[in-house]
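In what follows, a structure is listed as structure tokens, so that the remarks can point back to it.
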Amino acid sequence: MKWIALIAVTLTGSLLLVGVGDFPEWGDAHSAANEGPKLESGEQIATAVSQSFLTDTDELTQVPNVVTAVLADYRGYDTMFETVVIFAAGLAIFAILRVFGGDEVKPMRAPEDDTFCEGDHSRIIIGTTCKLLIPIIQLFALYVIAHGHHSPGGGFQGGVIMGASFILLAIARDLKSALDWFSEKTFMRLASVGILIYAGFGVLCQFFERNFLDYGALKTVMFSSEQMARSYAMLGVEIGVAFTVTAIMFAIYANLSSRGELKQGL
Amino acid sequence: MENAIVIISMALICVGMLFFLGAAVGIQRFPDFYTRMHAAGKGDTLSSLLVILGFSIFQIYDLEFSKDWFSHNGVTLLVILKLLAICVFIMMTSPTSTHALMDAGWEDGIEPKLKKDKPNNALKEDRK
Amino acid sequence: MIPIFDYILLIFLIVAAVISLKVKDLLSASMVFGIYSFLICLLWAEMGAVDVAFTEAAVGAGVSAVFLIATVYNTKRRSSD
Chain A
2 MKWIALIAVT LTGSLLLVGV GDFPEWGDAH SAANEGPKLE SGEQIATAVS QSFLTDTDEL
62 TQVPNVVTAV LADYRGYDTM FETVVIFAAG LAIFAILRVF GGDEVKPMRA PEDDTFCEGD
122 HSRIIIGTTC KLLIPIIQLF ALYVIAHGHH SPGGGFQGGV IMGASFILLA IARDLKSALD
182 WFSEKTFMRL ASVGILIYAG FGVLCQFFER NFLDYGALKT VMFSSEQMAR SYAMLGVEIG
242 VAFTVTAIMF AIYANLSSRG ELKQGL
Chain B
981 MENAIVIISM ALICVGMLFF LGAAVGIQRF PDFYTRMHAA GKGDTLSSLL VILGFSIFQI
1041 YDLEFSKDWF SHNGVTLLVI LKLLAICVFI MMTSPTSTHA LMDAGWEDGI EPKLKKDKPN
1101 NALKEDRK
Chain C
1219 MIPIFDYILL IFLIVAAVIS LKVKDLLSAS MVFGIYSFLI CLLWAEMGAV DVAFTEAAVG
1279 AGVSAVFLIA TVYNTKRRSS D
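Here the protein sequences come in this chain order: A, B and C.
First residue of the first sequence? That's 2 in my numbering, and the numbers climb one at a time after it.
First residue of the second sequence? That's 981 in my numbering, and the numbers climb one at a time after it.
First residue of the third sequence? That's 1219 in my numbering, and the numbers climb one at a time after it.
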């Protein structure tokens, strides 16, 4: 069985390597992707799509970071279903692992005593550092989400960092105190609300007789020009993505670490 | 002035690299888990701090001193500020993570390597 | 883009990938997988794809390592093959 797998992997890998040979040189200015398609005689028939992304994006959407504009506007439909894939992953983990009921597990610390920083000397240092760091991490996550128009970042990255801050809380204390902040009801609702926000922006455009996710239609709602409406709508969409990703990241961790009982983590 | 900035930043980065080397050698050569973590934690923290401080001092090179220098140098100042923020972050997280690893090792029952004539009864009592 | 730096990173990348497949201890394998993620993040950042590198650093090295360790903790630690 191992040998069959090895042969299959080697064959696929060598086919991919043969395919690489047809690629243009790295950074070749005259390749089809950078210059646009050409006729056999060398006549230019159109400029390349990538070129128009680079030159027109700032004018059309007022977003300096081209990657965010492409991700949230030009291929917004694709990104919406990427978010749905993450949501489906969370639902799959929930459906496979989540166990209701079961034995009552005694929590590592009683929930009412908030002596997180006193007593139990081995927890003092970790507890204090987490108390200091978690607000900073969450602030950074919000910065990444909101500043995705101007610098690398956006909904996915910011959402993952936000979810990681809750995971840090769950590792440093126990799962129960993280679930007090961010209960199962909240995160499953938040995951659905995120996708609803994204799809809501798309449907809202249809009310103004434009295509699904054609944000330019929202200029009357946003009280601004069509370009700025695109920029604002992208921010809204990124926030929706961030909601879903935050919730699903924490949901996956909570289910994986507690064997689906959500009682006692690692 | 400009030469001094370059020399100071280069010196900081080189000293940081030296401490990185020391940390790596320490991880290889020390006998047991706790001494290895000691080398890794201390050497790593100090060397990262030194290297990033060197970067932030090198960024002063890009500042232009003119009349309304604050509006000209916004980007450079932001870079320096971000690097210093990373310094603060490393100073908080790196020792804590070392401590957490040590603590996990102790709870897992890793014995520290002691001298042969020294009984480690005290350690065993502490574990209970 | 510095070619020699790229080649060194690629060699380390292959070494990390092979180690994470070969190692019997699954906890070590997931740690080496985190190293692999950081290396590929560095490679992407160095090639100019900063957005992708940021995603890899957050998802690949940060969260997925935690997921793998949580899974190893709740299943068995030794690989069977």
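Glycine is no exception: its CB is placed at the ideal position from the N, C-alpha and C atoms.
{"Item": "Under 8 Å, with one C-beta from each stretch per pair, do the stretch 1020-1033 of chain B and the stretch 1065-1072 of chain B reach the 3-pair mark?", "Value": "yes"}
{"Item": "Closer than 7 Å by beta-carbon distance: list the chain C residues that pair up with residue 34 of chain A, in chain order.", "Value": "By Cβ distance, chain C contributes nothing, its closest Cβ being about 15 Å from residue 34 of chain A, past 7 Å."}
{"Item": "Which word fits residue 149 of chain A, buried or exposed, when buried means at least 16 other C-beta atoms lie within 10 angstroms of its C-beta?", "Value": "buried"}
{"Item": "Step through the CB atoms of chain C and report whether any lies within less than 7 Å of the CB of residue 6 of chain A.", "Value": "no"}
{"Item": "Just mark residue 990 of chain B as buried or exposed, buried being the case when its beta carbon has 16 or more other beta carbons within 10 Å.", "Value": "exposed"}
{"Item": "Would you call the CB atoms of residue 178 of chain A and residue 139 of chain A closer than 7 Å?", "Value": "no"}
{"Item": "For a test of the three-state rule: what should DSSP assign to residue 23 of chain A, helix, strand or coil?", "Value": "coil"}
{"Item": "For the 8 Å Cβ check, are there 3 or more pairs between the stretch 142-159 of chain A and the stretch 52-71 of chain A?", "Value": "yes"}
{"Item": "Please confirm if residue 250 of chain A has its CB atom under 7 Å from at least one CB of chain C.", "Value": "yes"}
{"Item": "What's the gap between the Cα of residue 1235 of chain C and the Cα of residue 42 of chain A?", "Value": "46 Å"}
{"Item": "Please tell me whether residue 257 of chain A has its Cβ less than 7 Å away from any Cβ of chain C.", "Value": "yes"}
{"Item": "Relative to the C-alpha of residue 987 of chain B, which candidate in B/1077, B/1012, B/1038 has its C-alpha closest?", "Value": "B/1038"}
{"Item": "Please classify residue 208 of chain A as buried or exposed, where buried requires at least 16 neighbouring CB atoms within 10 angstroms.", "Value": "exposed"}
{"Item": "Closer than 7 Å, Cβ to Cβ, to anything on chain E: give me those residues from the stretch 1254-1282 of chain C, in chain order.", "Value": "Judged by its chain identifiers, the structure shown contains no chain E, and its protein chains are A, B and C."}
{"Item": "Is the beta carbon of residue 195 of chain A sitting closer than 7 Å to the one on residue 141 of chain A?", "Value": "no"}
{"Item": "Are the C-beta of residue 1284 of chain C and some C-beta of chain A separated by less than 7 Å?", "Value": "yes"}
{"Item": "Just how far apart, CA to CA, sit residue 981 of chain B and residue 1057 of chain B?", "Value": "18 Å"}
{"Item": "Hey, is residue 1090 of chain B's beta-carbon within less than 7 Å of any beta-carbon in chain A?", "Value": "no"}
{"Item": "For my contact list, residue 88 of chain A and residue 71 of chain A are in at a C-beta cut-off of 8 Å; report their separation, rounded to the angstrom.", "Value": "Wrong, their Cβ atoms sit about 22 Å apart, outside the cutoff."}
{"Item": "Helix, strand or coil, according to DSSP, for residue 265 of chain A in the structure here?", "Value": "coil"}
{"Item": "For the putative contact between residue 1017 of chain B and residue 1078 of chain B, defined by C-beta atoms under 8 Å, what is the C-beta separation to the nearest angstrom?", "Value": "6 Å"}
{"Item": "Could you name the residues of chain B that residue 146 of chain A contacts, counting a contact when the two beta carbons are closer than 7 Å?", "Value": "Here the premise fails: no neighbours, minimum Cβ distance about 17 Å."}
{"Item": "Is it the case that the stretch 1259-1278 of chain C contacts the stretch 1239-1248 of chain C, given that we only count it when at least three CB pairs across the two stretches are under 8 Å?", "Value": "no"}
{"Item": "Listing by chain order, which chain B residues have their CB less than 9 Å from the CB of residue 133 of chain A?", "Value": "1072"}
{"Item": "Quick check: the stretch 1252-1272 of chain C against the stretch 223-234 of chain A, are at least 3 beta-carbon pairs closer than 8 Å?", "Value": "no"}
{"Item": "Under 7 Å between C-beta atoms, does residue 136 of chain A make it to chain C?", "Value": "no"}
{"Item": "Within its chain, find whatever has a CB closer than 6 Å to the CB of residue 1085 of chain B; leave out the 5 residues flanking it on each side and keep chain order.", "Value": "1013"}
{"Item": "Would you say residue 1076 of chain B reaches chain A, if we count a Cβ-Cβ gap shorter than 7 Å as a contact?", "Value": "yes"}
{"Item": "Along the stretch 1229-1254 of chain C, what residues have a CB closer than 8 Å to any CB found in chain A?", "Value": "none"}
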